[in-house]
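This report refers to the structure that appears directly beneath it.
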Amino acid sequence: MALPEGFLQELKDRNDMTDVASAYVNLNRRGRNMVGLCPFHGEKTPSFNIYPENGSFYCFGCGVGGDVITFIMKIENLDYIDAVKFLAQRAGMNMPEDTFDDSMSNLRKRIFEANREAARFFYKNLYSEVGREGLEYFHGRALTDKTIRRFGLGYADSNRYSLCGHLKKLGFKNSEIVSANLAFQNRNGGISDRFNDRVMFPIIDLRGNVIAFGGRIMTNQKPKYLNTSDTPVFKKSANLFSLNNAKSSGERSLILCEGYMDVIAVNQAGFPNAVATLGTALTQEQALLMKRYADEVIICYDSDEAGQKATARAITFLRNAGLNIKVINIPQGKDPDEFLRNKGENGHDAFKNVIEGSGNDIEYRLNKLRLNFNLKEAEGRVAYLTEAAKILASLDNTIEQDVYISKLCKELEVSPDAVKQQMRKFSRKKYYDKRRENFRNMRQNLNGINDKVNTERYKKPRVTTAEEGIIAYILKNPDKLQRVEEQLPAEKFQTEFNRNLYVYFSERIKNNLDALASVSGDFTQEETAKIYHIANSDYARMANDKTAAENIRVINDEYSRLKVSDAANASMDDIAEELRRLKDSRK
Ligand SMILES: [Zn+2]
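Laid out in structure tokens, this is it:
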């Protein structure tokens, strides 16, 4: 990626890692670094670290790491060039022109434009003859024209070429329309519309771009709902419907609904903070996305079996993300759309009452559990107590535990000791399970089984670690590079990934460039994370002249040992091949 070095350096200087991250993460100082709860995985104790010294971050929980560009790529779901643009804009800088391959960035721009035109097209349809059925549907569901406009709802008619034809007239290429997933390629080489006979719900991101559509069929055909598949601008599992409205409402709580119509009905009733997933079950990624804009999520799913299953699943992910949870129970088992329609004018107040009367996730789970037991009999009470203790043992907060223990005691007329005794059993089991898991992870990390980037580590763990020690050392002490190189030429590195890093950093240092400045552009996200792990973790902390000398010795010893055993075993052919390989690697 050929962005000028000077530009990259300025971009990083003007987008301080800590400043940028603190817009998304609560950070606290720890020594020279900053720590916070990782925005990329659910956790309760902070393992997300920022290193102001070299403008980077690394999470010891999930292994994500990189520089400020990597951070924006991940948190804003952008590719490299768009993340650079994002940061350039943030710092009021102009992008250098024509210095890099812009084709992906251009395609994304075209997709946004095609989507916007499609949304306009669908909206216009809705208020013309072809869309009459769609408009009747929305009006029948009590949506006002104001709401329809606010959400940009529309209609895709039954003509399979109408949108394609319209977009082509506006100058869009077939390939762009297909990339946007607005059409698909026919066998005869032409294209035809993806959405037909459907009312359309545009999905809009936080910057106001139309990134995708959901469409509900007006006939009896299947599927009832059809959504845009993943495209270069849209990832279904990482977006939420109407998050743009929820975010601008400024509320720190979100109402999680099951579908588009629920969100729109709840919104129309005066709750702009309603959101929904996009035709799939809630993912951990979406829960973390919510955590960025809210402290509390109110789950508002249907009370049928599917809805209850979805609720249980959502509770797990939302808890993992560290969100407070409430679960709404709509009277008479209605969905929110239907409930609000029945209440008419009084919808807002009625729904507000429902929210205020809703319990948190623990109460919800205990209530569900209680239904399975006959509490009038001693046996039923004991069985219920045992299961309830499992739920309470899973809570990390002891104050919260105490609240439920006293509730349970009152309800079952048992002593708190009985409940606590049950809970201890499960807590102990949980503790041992956790310890076993930690131990397994530790062992796998030590053996390098988990190292997906340097896949040779498991074969040569000791020498791989020594190599990483040397890389950390030259990153920390670029002035010592020449001395290291004299004792340790690149070909002595035995794992390919580390050898490449060594060569890459040596060249940058010799050219007086910041060694790390373009890592996020030159390596994949996983490799970048690995590199910043080397640059920031124990390797870096322990990198001094003494450990460097020891590491050089380890690598050299291993190299000679291999040479000796190779020479003893190898035929002449192998030796010739080996010499050729060595020569090549010096080029
Ligand atoms: Zn993490």
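Residues 153 to 739 in our numbering are what the sequence shown spells out, letter by letter.
Yeah, the Cβ is synthetic: ideal placement off N, Cα and C, and Gly gets one too.
Computed from a predicted model, the values in this text were never measured in an experiment.
Identify whether residue i lies in helix, strand or coil by the three-state DSSP scheme.
{"i": "S672", "result": "helix"}
{"i": "V566", "result": "coil"}
{"i": "I363", "result": "strand"}
{"i": "E249", "result": "coil"}
{"i": "T380", "result": "coil"}
{"i": "Y203", "result": "strand"}
{"i": "N180", "result": "strand"}
{"i": "E403", "result": "coil"}
{"i": "C214", "result": "coil"}
{"i": "I683", "result": "helix"}
{"i": "I480", "result": "coil"}
{"i": "L259", "result": "helix"}
{"i": "C190", "result": "coil"}
{"i": "G511", "result": "strand"}
{"i": "F336", "result": "strand"}
{"i": "G342", "result": "coil"}
{"i": "E448", "result": "strand"}
{"i": "L440", "result": "helix"}
{"i": "G712", "result": "In the sequence on display, residue 712 carries Ser and not Gly. Three-state result, S712: helix."}
Between the Cα of residue i and the Cα atoms of the options, which residue gives the shortest distance?
{"i": "A154", "options": "V220, T371, K698, V671", "result": "V671"}
{"i": "L564", "options": "N650, R587, V362, Y536", "result": "Y536"}
{"i": "E448", "options": "E403, R592, K495, D631", "result": "E403"}
{"i": "E100", "options": "K495, D234, V385, C211", "result": "Summary: the structure shown does not reach residue 100, with the chain confined to residues 153 through 739, and so no result is reported for it."}
{"i": "N663", "options": "D234, V172, D569, Q634", "result": "Q634"}
{"i": "N650", "options": "L668, V615, N629", "result": "V615"}
{"i": "A446", "options": "Y453, I477, I467, R465", "result": "I477"}
{"i": "N229", "options": "N258, Y377, T550, N391", "result": "N391"}
{"i": "Y307", "options": "C316, V362, D603, E285", "result": "E285"}
{"i": "R576", "options": "G158, P641, T538", "result": "T538"}
{"i": "K612", "options": "T550, V236, I707", "result": "I707"}
{"i": "I369", "options": "G304, Y289, K388", "result": "Y289"}
Let me confirm a value: residue i is counted as buried when at least 16 other C-beta atoms fall within 10 Å, else exposed. Which label applies?
{"i": "G509", "result": "exposed"}
{"i": "K443", "result": "buried"}
{"i": "G367", "result": "buried"}
{"i": "A421", "result": "buried"}
{"i": "H685", "result": "buried"}
{"i": "A433", "result": "exposed"}
{"i": "L523", "result": "exposed"}
{"i": "D456", "result": "exposed"}
{"i": "F336", "result": "exposed"}
{"i": "T380", "result": "buried"}
{"i": "E702", "result": "exposed"}
{"i": "Y516", "result": "buried"}
{"i": "Q438", "result": "buried"}
{"i": "E619", "result": "buried"}
{"i": "D585", "result": "exposed"}
{"i": "L653", "result": "buried"}
{"i": "D309", "result": "buried"}
For residue i, is the beta carbon positioned less than 7 angstroms from some heavy atom of ligand 1?
{"i": "H500", "result": "no"}
{"i": "G532", "result": "no"}
{"i": "H318", "result": "no"}
{"i": "K177", "result": "The question names Lys, but residue 177 is Val in the sequence shown. No, the Cβ of V177 stays beyond 7 angstroms of every heavy atom of ligand 1."}
{"i": "H685", "result": "no"}
{"i": "H291", "result": "no"}
{"i": "C190", "result": "yes"}
{"i": "V767", "result": "Coverage of the chain is limited to positions 153 through 739, which leaves residue 767 absent and any answer about it impossible."}
{"i": "F200", "result": "yes"}
Can you tell me the Cβ-Cβ gap for residue i and residue j, rounded? I've got them flagged as a contact below 8 angstroms.
{"i": "S401", "j": "P424", "result": "4 angstroms"}
{"i": "V415", "j": "L395", "result": "So it is not a contact: roughly 10 angstroms between Cβ atoms."}
{"i": "G474", "j": "G292", "result": "Contact doesn't hold; Cβ gap of about 41 angstroms is too wide."}
{"i": "A669", "j": "V216", "result": "With 8 angstroms as the limit, A669 and V216 do not qualify as a contact, their Cβ atoms being about 20 angstroms apart."}
Is the closest heavy atom of ligand 2 to the C-beta of residue i under 7 angstroms?
{"i": "G213", "result": "With respect to small molecules bound, the structure shown includes ligand 1 and not ligand 2."}
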